[in-house]
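**Q** Just so you know, the protein sequences line up as chains A and B, in that order.
Position 227 of the first sequence, counting from 1, maps to 227 under full-length UniProt numbering, and the rest follow consecutively.
Position 121 of the second sequence, counting from 1, maps to 121 under full-length UniProt numbering, and the rest follow consecutively.
Backbone N, C-alpha and C fix where the C-beta goes; we use that ideal spot for every residue, glycine too.
I am attaching a structure below and will ask some questions about it afterwards.
Protein chains: 2
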Amino acid sequence: MPTSENGSPPVYREIAEELRGQIRSGRYADGDRLPGENTLMERHGVARATARQALSVLINEGLAVAVRGSGIYVRAFRPLRRHGARRLSRDLWGNGRAIWQTDSDTRGYEVEGLVIDEIVPEGHVLRALELGEGTTVVRRSRRYLVDGRPVQSAVSHLSPQLWAGREDSPAAHRVRAPDSGPGGIYARLAELGHAPAHFTEEIRVRMPTPEETQELALSPGTPVLEVARTALTADHRPVEFNEITMDGSAYVLQYDFDA
Amino acid sequence: MPTSENGSPPVYREIAEELRGQIRSGRYADGDRLPGENTLMERHGVARATARQALSVLINEGLAVAVRGSGIYVRAFRPLRRHGARRLSRDLWGNGRAIWQTDSDTRGYEVEGLVIDEIVPEGHVLRALELGEGTTVVRRSRRYLVDGRPVQSAVSHLSPQLWAGREDSPAAHRVRAPDSGPGGIYARLAELGHAPAHFTEEIRVRMPTPEETQELALSPGTPVLEVARTALTADHRPVEFNEITMDGSAYVLQYDFDA
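Written as structure tokens, this is what we have:
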């Protein structure tokens, strides 16, 4: 930590640390307004620049959000819980083991901006699907909202080889239709003889691109979670590759597994 | 995205977008030096402030790192792959399904700064371990380095109730000793009759605190991954709770599971 001349942390850090502690302890709860620059100046006897710097530390850490013309607020959105390994019963694991409070059960997703097209995807998508260079795939892109707030975008890729010779079957139509039918794409893949049996998810985290900041309406100091999910059949053929980009402040990912 | 007066993106965004594309395509590889301010000024006919702004976009996204007195470089560290569900064989899953290139097999961890103490932990730790308020636990804290670079810190908590009545057994000594013995803490828990059989991992992402920035030597624009891991016995008693904080740029987390 940078220190001031006398070896102690700079004052703005101390003020930030105090506010951080008060947020963590619940003294300031989700959605509460934090003390403004004037209050901090008075309370700590510091200049406006120092007060501002203290608040921007909290904004950059993603603990607080600035609302233009109103003030600085504790982040209000309670994260969604996303269970990776759905096979394992939530009854056994979920409730007792949940460390971070989330809200996944009470709020529904809204899907927006579904686009279905055929493209030649980037190399890593073809490699994930074990397809040769230049192969065309069906791509389904959409955005998910919760309480009107965009929380993730997902881009799913399927090889047309999965319905080769059965192009006119209802399942082959449904995987390319806006409404993929009951049980979704995985149920249609099962009807086509390619039921997913295994999944691999790879998780990375990074700061968003300007496009993602716009698409997910991210506030400053918000990283994104990238989940690359491959669905495989019982004999380990990849049948779907899904690239999911999540607002990092909106999710807790949970995985349950055996020793 | 903000636009300039004529409706197109501001020039610094266009320059950043061009550089971003060149990093993604491999034109600039890991560790390469990016064109500096002078080069960008000349190449694009822009002011120094614009060139600087373009480069800081890439730094804030975590794609590039500034080295004082030298220049701006593409991030060089290849992420480590961390397999959550170790039960599932890497032979079946790992290699074929790896989307992001990583380096987990060739580099070893170095452990630093191990501290073992007894504390009354915060409420969420006690809840995870199903212990009452005010209970004392053994805490093992350490930092992990790869190639001399700090990549994660881990703070593990164990209840002394696990060795109640067997305080003088070798296993009970080892769980509180710097060298926990072959197979580590989980092997000792097994010897004490509390073999971990299930794990729950919860993953969150956020910007680091100033302390974490220092402890993990994080560059600007680097979020941290927080993994809260609970180890449970076959009858679902929690026996260990581990809070792991990772340099978000240093890891790809992988989870394999069945449908």
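Using alpha carbons as the reference points, say which of A:LEU192, A:GLU191, A:VAL227, A:PRO35 lies closest to VAL252 of chain A.
**A** Taking the first sequence and counting its residues from 1, the one referred to as residue 252 of chain A is at position 252. Nearest C-alpha to VAL252 of chain A: A:VAL227.
**Q** Helix, strand or coil, according to DSSP, for ARG176 of chain A in the structure here?
**A** Here residue 176 of chain A corresponds to residue number 176 of the first sequence, with the count starting at 1. Correct three-state label for ARG176 of chain A: coil.
**Q** Here's a check: name, in chain order, each residue in its chain whose Cβ is nearer than 6 angstroms to the Cβ of THR200 of chain A, leaving out the five neighbours to either side.
**A** Here residue 200 of chain A refers to the residue found at position 200 of the first sequence. Taken in chain order, the residues that qualify are THR230.
**Q** Whole angstroms is fine: what's the gap from SER219 of chain A's alpha carbon to ARG149 of chain A's?
**A** Your numbering for residue 219 of chain A matches position 219 in the first sequence. Your numbering for residue 149 of chain A matches position 149 in the first sequence. Whole-angstrom Cα-Cα distance: 12 angstroms.
**Q** If I measure Cβ to Cβ from PRO178 of chain B and keep anything under 6 angstroms in the same chain, skipping five residues before and after, which residues do I get?
**A** Here the question's residue 178 of chain B lines up with position 178 in the second sequence. Result list for PRO178 of chain B: LEU114, in chain order.
**Q** Out of curiosity, what's the CA-to-CA distance linking GLY123 of chain B and SER25 of chain A?
**A** Numbered from 1 along the second sequence, position 123 holds the residue referred to as residue 123 of chain B. Numbered from 1 along the first sequence, position 25 holds the residue referred to as residue 25 of chain A. Each residue's Cα considered, the two are about 11 angstroms apart.
**Q** Which residues, in chain order, does the stretch 199-222 of chain B contribute to contact with chain A at a C-beta distance below 9 angstroms?
**A** PHE199, THR200, GLU201, GLU202, ILE203, ARG204, VAL205, ARG206, MET207, PRO208, THR209, PRO210, GLU211, THR213, GLN214, GLY221, THR222
**Q** Expressed to the nearest angstrom, what Euclidean distance is found between the alpha-carbon atoms of LEU170 of chain B and GLU130 of chain B?
**A** To locate residue 170 of chain B, count along the second sequence from 1; it is residue 170. To locate residue 130 of chain B, count along the second sequence from 1; it is residue 130. One point to set straight first is that residue 170 of chain B is Pro, not Leu, in the sequence displayed. Straight-line measurement puts the Cα of GLU130 of chain B at about 25 angstroms from the Cα of PRO170 of chain B.
**Q** Do we get a CB-CB distance below 8 angstroms when we pair VAL151 of chain B with the residues of chain A?
**A** Looking up residue 151 of chain B in the second sequence gives position 151. No, its Cβ sits nowhere closer than 8 angstroms to a Cβ of chain A.
**Q** Applying the 10 Å Cβ sphere with the 16-neighbour rule, what's the burial state of ASN38 of chain B?
**A** Mapped onto the second sequence, residue 38 of chain B falls at position 38. Label assigned to ASN38 of chain B: exposed.
**Q** GLY181 of chain B versus chain A: which residues are under 8 angstroms apart at the beta carbon?
**A** The residue labelled residue 181 of chain B in the question sits at position 181 within the second sequence. Neighbours of GLY181 of chain B on chain A: none; closest Cβ ~18 angstroms, over 8 angstroms.
**Q** Hey, how far is the Cα of SER153 of chain A from the Cα of LEU192 of chain A?
**A** By 1-based counting over the first sequence, the position of residue 153 of chain A is 153. By 1-based counting over the first sequence, the position of residue 192 of chain A is 192. In a straight line, the C-alpha of SER153 of chain A is about 26 angstroms away from that of LEU192 of chain A.
**Q** Looking at C-alpha atoms only, which residue of B:TYR186, B:ASP168, B:PHE241 is the closest neighbour of SER156 of chain B?
**A** Here the question's residue 156 of chain B lines up with position 156 in the second sequence. Minimum Cα distance to SER156 of chain B is reached at B:PHE241.
**Q** What I want to know is whether the C-beta of PRO150 of chain A ends up closer than 7 angstroms to one or more non-hydrogen atoms of the ligand NAD.
**A** What this structure holds is no ligand at all, so the ligand NAD is not there to describe.
**Q** Would you call the CB atoms of ALA259 of chain B and ALA234 of chain B closer than 8 angstroms?
**A** Reading the second sequence from its first residue, position 259 is the one you call residue 259 of chain B. Reading the second sequence from its first residue, position 234 is the one you call residue 234 of chain B. It is not a contact, given that the beta carbons lie outside the stated cut-off.
**Q** What residues in the stretch 244-257 of chain A have a beta carbon less than 8 angstroms from any beta carbon of chain B?
**A** GLY248, SER249, TYR251, VAL252, LEU253, GLN254, TYR255, ASP256, PHE257
**Q** List the whole-angstrom C-beta distance separating VAL151 of chain B from MET41 of chain B, where the pair is believed to meet the contact cut-off of C-beta under 8 angstroms.
**A** Along the second sequence, read from residue 1 onward, the residue named residue 151 of chain B stands at position 151. Along the second sequence, read from residue 1 onward, the residue named residue 41 of chain B stands at position 41. In fact, because the Cβ distance is near 36 angstroms, the residues do not count as touching under 8 angstroms.
**Q** Chain C beta carbons: is any one of them nearer than 8 angstroms to that of ALA250 of chain B?
**A** In the structure shown, chain C cannot be found, because the protein chains are A and B.
**Q** Please report the distance separating the alpha-carbon of GLU14 of chain B from that of VAL120 of chain A.
**A** The residue labelled residue 14 of chain B in the question sits at position 14 within the second sequence. The residue labelled residue 120 of chain A in the question sits at position 120 within the first sequence. Rounded to the nearest angstrom, the two C-alpha atoms are 25 angstroms apart.
**Q** Could you check if HIS194 of chain B is buried or exposed, using at least 16 other CB atoms within 10 Å of its CB as the buried criterion?
**A** Along the second sequence, one-based indexing puts residue 194 of chain B at 194. Buried, since its Cβ has 16 or more Cβ neighbours within 10 Å.
**Q** Could you say which of B:ARG27, B:PRO35, B:HIS83, B:ARG81 lies nearest to ALA51 of chain B if we only look at CA atoms?
**A** The residue labelled residue 51 of chain B in the question sits at position 51 within the second sequence. Taking only the C-alpha atoms, the option nearest ALA51 of chain B is B:PRO35.
**Q** Would you report the Cα separation of ALA190 of chain B and ASP117 of chain B, rounded to the nearest angstrom?
**A** Along the second sequence, one-based indexing puts residue 190 of chain B at 190. Along the second sequence, one-based indexing puts residue 117 of chain B at 117. Cα-Cα distance, rounded: 22 angstroms.
**Q** Note down the Cα distance separating ALA64 of chain B from GLY62 of chain A, rounded to an integer number of angstroms.
**A** One-based indexing of the second sequence puts residue 64 of chain B at position 64. One-based indexing of the first sequence puts residue 62 of chain A at position 62. Roughly 21 angstroms between the two C-alpha positions.
**Q** What does DSSP give as the partner residues of VAL111 of chain A in its beta bridges?
**A** As a first step, residue 111 of chain A is located in the first sequence; it is residue number 111 there, counting from the start. According to DSSP, which records beta bridges pairwise, VAL111 of chain A is partnered with A:TYR144.
**Q** Mapping the DSSP letters down to three states, classify THR230 of chain A as helix, strand or coil.
**A** For the purposes of this step, residue 230 of chain A is taken as the residue at position 230 of the first sequence. If DSSP states are grouped into helix, strand and coil, THR230 of chain A belongs with the strands.
**Q** Any Cβ of chain A within less than 8 angstroms of the Cβ of GLY84 of chain B?
**A** In the second sequence, counting from the first residue as 1, residue 84 of chain B sits at position 84. Closer than 8 angstroms to some Cβ of chain A, the Cβ of GLY84 of chain B qualifies, so yes.
**Q** Using 8 angstroms for Cβ pairs, my map puts GLY31 of chain B next to TYR73 of chain B. What's the rounded Cβ distance?
**A** Reading the second sequence from its first residue, position 31 is the one you call residue 31 of chain B. Reading the second sequence from its first residue, position 73 is the one you call residue 73 of chain B. With 8 angstroms as the limit, GLY31 of chain B and TYR73 of chain B qualify as a contact, their Cβ atoms being about 6 angstroms apart.
**Q** Using only alpha-carbon positions, find the residue among A:SER56, A:ALA29, A:PRO10 that is nearest to MET207 of chain B.
**A** Taking the second sequence and counting its residues from 1, the one referred to as residue 207 of chain B is at position 207. If we check each option's Cα against that of MET207 of chain B, A:SER56 comes out closest.
**Q** I'd like the list of long-range same chain contacts for TRP163 of chain B, defined as Cβ closer than 6 angstroms, with 5 residues on each side in sequence excluded.
**A** Residue mapping note: residue 163 of chain B aligns to position 163 of the second sequence, counting from 1. Correct list, in chain order: ALA172, LEU192.
**Q** At a Cβ threshold of 8 angstroms, is ASN242 of chain B touching chain A?
**A** Taking the first residue of the second sequence as position 1, residue 242 of chain B is located at position 242. Not one chain A Cβ lies under 8 angstroms of ASN242 of chain B.
**Q** Would you give the residue range spanned by the alpha helix (DSSP H) that GLN161 of chain B belongs to?
**A** As a first step, residue 161 of chain B must be located in the second sequence, where it is residue number 161. Per DSSP, GLN161 of chain B belongs to no alpha helix (DSSP H) and is neither H nor E.
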